[in-house]
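The structure under discussion appears below in the form of structure tokens.
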Ligand code: ADP
Ligand code: MG
């Protein structure tokens with residue numbers, strides 16, 4: 024078996040599972056091995072009943088102290104009974120497992136494993152698994168992988184496929200040069216891949232993860248270094264100075280620019296007229312008003328008779344930007360065109376034609392803008408919004424659509440300066456450090472699920488005042504290995520619980536683009552009151568009349584991502600609220616949520632979170648939902664980022680090294696990474 028082989032070569036994977044794996048983006052053995060676990064399940068030792076704490080996953084040994092009782096609650100068959108050891112007793116409960124009524128035996132010793140939750144003020148164990156002595160002995164101290172799943176695929180099936188692939192597949196030799204591995208004490212790749220899936224201890228997991236994180240950063244840093252050299256002071260054919268129309272646009276806006284926006288705009292203007300190609304990043308917290316800077320820059324290019332394009336990560340956001348640009352720029356005689364994946368073939372053809380014939384001045388779209396067959400007439404500026412959602416490669420492909428066009432990228436990810444220099448090493452940076460005036464700060468609260476009924480009543484009141492609500496759930500649908508809330512079931516429950524006049528809809532990434540757009544549009548126009556959604560709405564969406572954001576299982580998200588989500592409210596003049604609902608309110612979770620509850624400043628939040636956890640907390644969740652890296656987290660792995668950058672810089676000085684036989688594997692990997700052949 025080779026890395027490039029189809030997963031069908033793995034024993035047990037037939038046509039049906041092939042389809043399911045495909046849904047997870049896995050078609051080859053290599054992709055399967057790079058499908059790292061979402062988290063790990065650690066079997067701890069048996070604990071006395073008296074020592075359990077809320078939120079913990081624990082193992083108890085003892086016997087049932089009362090006969091199981093069955094109750095019917097909202098169509099669910101719930102079985103409960105008491106479990107006891109020599110130190111105390113605790114309630115345990117199961118739902119929808121009626122056969123336990125017969126199989127549970129009194130007076131027999133059991134080992135049970137489950138999470139401790141609080142119901143009606145009392146601690147109990149929910150949905151425990153009964154373990155055999157053997158299972159307990161075999162698993163204790165081990166970390167078993169927990170994968171992200173799709174309906175129909177079990178965790179066991181994924182783990183089994185990975186185990187077989189690890190056994191059968193001939194892995195190629197390590198592409199990281201030996202000297203670097205020695206210098207930074209990194210394990211061999213084969214071993215690291217094995218240990219990331221099936222670690223035999225926390226330590227070996229940490230080593231494996233560090234190696235894979237390092238490798239991601241190393242490739243990234245090498246690629247960026249190549250880019251920096253290529254781009255240094257490139258003369259631009261587009262020497263542009265803002266004219267009348269930009270002034271008209273500024274005076275037609277319902278607000279004036281903040282000092283931060285003004286400063287960034289001046290820096291952009293300087294770049295545009297400098298005679299050199301602009302490579303600029305605008306960094307500004309959510310809601311700081313980055314869109315208008317893109318609009319001004321694009322307009323400048325258009326009024327000089329050239330084209331400009333803006334690429335965004337989701338179609339929903341593309342449509343929103345399109346509407347906004349159209350509204351302000353059409354009156355100035357500028358033709359704005361949308362190119363979205365879900366448009367009909369005829370509509371797309373027409374857009375292609377307008378772009379190629381230069382009828383289109385400004386083009387708004389998703390990754391559709393970098394498709395091979397799309398040709399621009401005269402592309403002088405490319406803007407990438409929410410850059411953290413794109414790879415460096417995509418940003419470059421976009422540039423290559425024109426003849427050395429100016430480049431503007433925008434991001435809301437708050438990163439410390441030292442890291443920004445590495446991550447955006449090829450760009451000049453403008454920072455918008457103030458929010459528009461007149462915004463009321465968002466009121467936050469971090470609570471546990473007991474607060475839900477109150478939260479629902481609060482939402483109903485907000486809806487009565489014509490405001491709208493977002494509710495975020497981590498999952499799309501029910502999944503075998505997750506107790507987290509899911510969009511589908513949550514929506515159904517909500518429709519039952521709330522007054523029928525409240526219009527509840529749902530949205531998630533697996534829906535068809537056209538349907539997503541429709542739902543987002545109805546939400547924006549006020550036809551939907553409550554939108555239950557996954558994090559698909561995280562990026563950029565702007566619905567100023569939405570005033571409440573509630574995030575279920577807030578403990579599952581990094582604080583940086585919670586901050587991005589929160590940025591969807593507080594965009595209008597009305598008071599906005601954000602409720603962080605902890606499904607598992609352990610002490611650590613609540614401590615972390617208190618940070619975001621106490622501050623609306625994304626930069627401060629990210630820094631505090633890091634301090635609280637310390638960089639050693641490897642089992643923590645990722646800080647941000649950024650897709651740029653598969654495993655690495657720029658906050659948590661800041662040290663590895665710096666090391667990998669250092670290694671790449673000293674290695675890269677001898678670029679020629681990449682061409683010698685010894686580094687052939689690295690060269691191949693780099694070519695795969697950047698999509699470009701390395702020649703000298
Ligand atoms: P982000 O930086 O998150 O992309 P947006 O550009 O979407 O933020 O702007 C958020 C909201 O703030 C929009 O409704 C926009 O119209 C408004 N806005 C932008 N600049 C200003 C300003 N200077 N004063 C008041 N409102 C502004
Ligand atoms: Mg934005």
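In the working numbering, the protein residues as written are 24 to 703.
Every residue gets a Cβ at the ideal spot worked out from N, C-alpha and C, and that includes glycine.
Exercise for the section: Report yes if the C-beta of residue 339 is less than 7 Å from at least one heavy atom of ligand 1; otherwise report no. Expected result: Because no heavy atom of ligand 1 lies under 7 Å away, the Cβ of residue 339 does not count as near it: no.
Exercise for the section: Let me know if residue 444 comes out buried or exposed under the rule of 16 or more other beta-carbons within 10 Å of its beta-carbon. Expected result: Exposed, since its Cβ has fewer than 16 Cβ neighbours within 10 Å.
Handout entry: Residue from 596, 532 and 208 with nearest C-alpha to residue 173
Key = Out of 596, 532 and 208, the CA that lies nearest to the CA of residue 173 is found in 532.
Exercise for the section: Name the two residues that bound the continuous beta strand (DSSP E) containing residue 63. Expected result: First-last of the beta strand (DSSP E) with residue 63: 62-65.
Problem - Counterpart residues of residue 13 in DSSP-defined beta bridges - result: Because the chain here runs from 24 to 703, residue 13 falls outside it and cannot be looked at.
Handout entry: Euclidean distance between Cα positions of residue 267 and residue 323
Key = Computed Cα separation, rounded: 9 Å.
Practice task
Check whether the Cβ of residue 523 lies closer than 8 Å to any Cβ atom in chain C.
Solution key: Of the protein chains in this structure there is only one, and it is not chain C.
Practice task
Following the continuous alpha helix (DSSP H) through residue 323, name the residue where it begins and the one where it ends.
Solution key: The continuous alpha helix (DSSP H) containing residue 323 extends over residues 314-326.
Handout entry: residue 39 versus residue 171 - alpha carbon distance
Key = Using only the alpha carbons, I get a separation of about 18 Å.
Exercise for the section: Taking 8 Å as the cut-off, decide whether the C-beta atoms of residue 87 and residue 655 are in contact. Expected result: No.
Handout entry: Unbroken alpha helix (DSSP H) run spanning residue 587, endpoints
Key = If you look at residue 587, you'll find it in the alpha helix (DSSP H) that goes 582-589.
Problem - Coil, strand or helix - residue 294 by DSSP - result: Three-state result, residue 294: helix.
Exercise for the section: Report yes or no: do the segment 65-76 and the segment 196-207 share at least 3 C-beta pairs separated by less than 8 Å? Expected result: At 8 Å Cβ cutoff, the stretches do not touch.
Problem - Of the listed residues 310, 45 and 384, nearest to residue 328 (C-alpha basis) - result: The option with the nearest alpha carbon to residue 328 is 384.
Problem - beta-carbon residue 314 near ligand 2 non-hydrogen atom, thresh 7 Å - result: True, at least one ligand heavy atom lies under 7 Å from that Cβ.
Practice task
Output the distance between the C-alpha atoms of residue 289 and residue 349, rounded to the nearest integer angstrom.
Solution key: Taken atom to atom, the span from the alpha-carbon of residue 289 to that of residue 349 is near 24 Å.
Exercise for the section: Confirm, please, whether the CB-CB distance from residue 389 to residue 309 is below 8 Å. Expected result: No, Cβ-Cβ distance for residue 309 and residue 389 is not below 8 Å.
Problem - residue 449 Cβ short of 7 Å to ligand 2 heavy atom set - result: For ligand 2, not one heavy atom lies less than 7 Å from the Cβ of residue 449.
Problem - Beta-carbon contacts of residue 467 that lie in its chain and below 6 Å, excluding the five residues immediately before and after - result: Sequence-distant partners of residue 467 (beyond 5 residues in either direction) whose C-beta falls short of 6 Å from its own C-beta, in its chain, are 601 and 620.
Problem - Close-in-space but distant-in-sequence residues of the same chain around residue 639 (CB under 7 Å, 5 per side omitted) - result: Low local confidence applies: a pLDDT of 44 at residue 639 is under 50, so the model's placement there is unreliable, and no value is given.
Exercise for the section: Enumerate in chain order the residues of its own chain whose CB-to-CB distance from residue 222 is below 6 Å, with the five nearest sequence positions on each side excluded. Expected result: Only 166 and 228 meet the Cβ criterion.
Handout entry: Residue environment, residue 277, which counts as buried when at least 16 other CB atoms sit within 10 Å
Key = Classification for residue 277: exposed.
Handout entry: Proximity test, residue 172 beta-carbon vs ligand 1 heavy atom, cut-off 7 Å
Key = Residue 172 Cβ: outside cutoff for every heavy atom of ligand 1.
Problem - residue 410 beta carbon near ligand 1 (any heavy atom closer than 7 Å) - result: Not under cutoff, so the answer is no.
Problem - C-alpha gap between residue 648 and residue 581, whole angstroms - result: Low confidence applies here, because residue 648 scores a pLDDT of 47, under 50, leaving its location unreliable and the question unanswered by this model.
Problem - Between the CA atoms of residue 686 and residue 198 - distance to the nearest angstrom - result: Rounded to whole angstroms, residue 198 to residue 686 spans 7 Å at the Cα level.
Handout entry: Any non-hydrogen atom of ligand 1 closer than 7 Å to residue 594 Cβ
Key = Correct: residue 594 has its Cβ closer than 7 Å to ligand 1.
Handout entry: Helix, strand or coil at residue 451 according to DSSP, with G and I counted as helix
Key = Reduced to three states, the DSSP call for residue 451 is strand.
Practice task
Identify the continuous beta strand (DSSP E) that holds residue 106 and give its terminal residues.
Solution key: 99-108 is the span of the beta strand (DSSP E), which, as asked, contains residue 106.
Handout entry: For residue 172, three-class secondary structure by DSSP
Key = Note: residue 172 maps to coil in three-state DSSP.
Practice task
Report whether the distance from the Cβ of residue 583 to the nearest heavy atom of ligand 1 is below 7 Å.
Solution key: The answer is no for residue 583.
Handout entry: residue 151 - DSSP class collapsed to helix/strand/coil
Key = Under the three-state reduction of DSSP output, residue 151 falls in the strand class.
Problem - Local conformation of residue 363 per DSSP, three classes - result: If DSSP states are grouped into helix, strand and coil, residue 363 belongs with coil.
Exercise for the section: Identify, in the order they occur along the chain, each residue of the same chain with its Cβ nearer than 8 Å to the Cβ of residue 272, setting aside the five sequence neighbours on each side. Expected result: For residue 272, same chain residues with a beta-carbon under 8 Å away, outside a window of 5 residues either side, are 318, 319, 322, 351, 352 and 355 in chain order.
Exercise for the section: Express the C-alpha separation of residue 490 and residue 566 in angstroms, rounding to a whole number. Expected result: Their backbone Cα atoms lie some 10 Å apart in a straight line.
Problem - Proximity below 8 Å, CB of residue 459 to CB of residue 312 - result: Closer than 8 Å, so yes.
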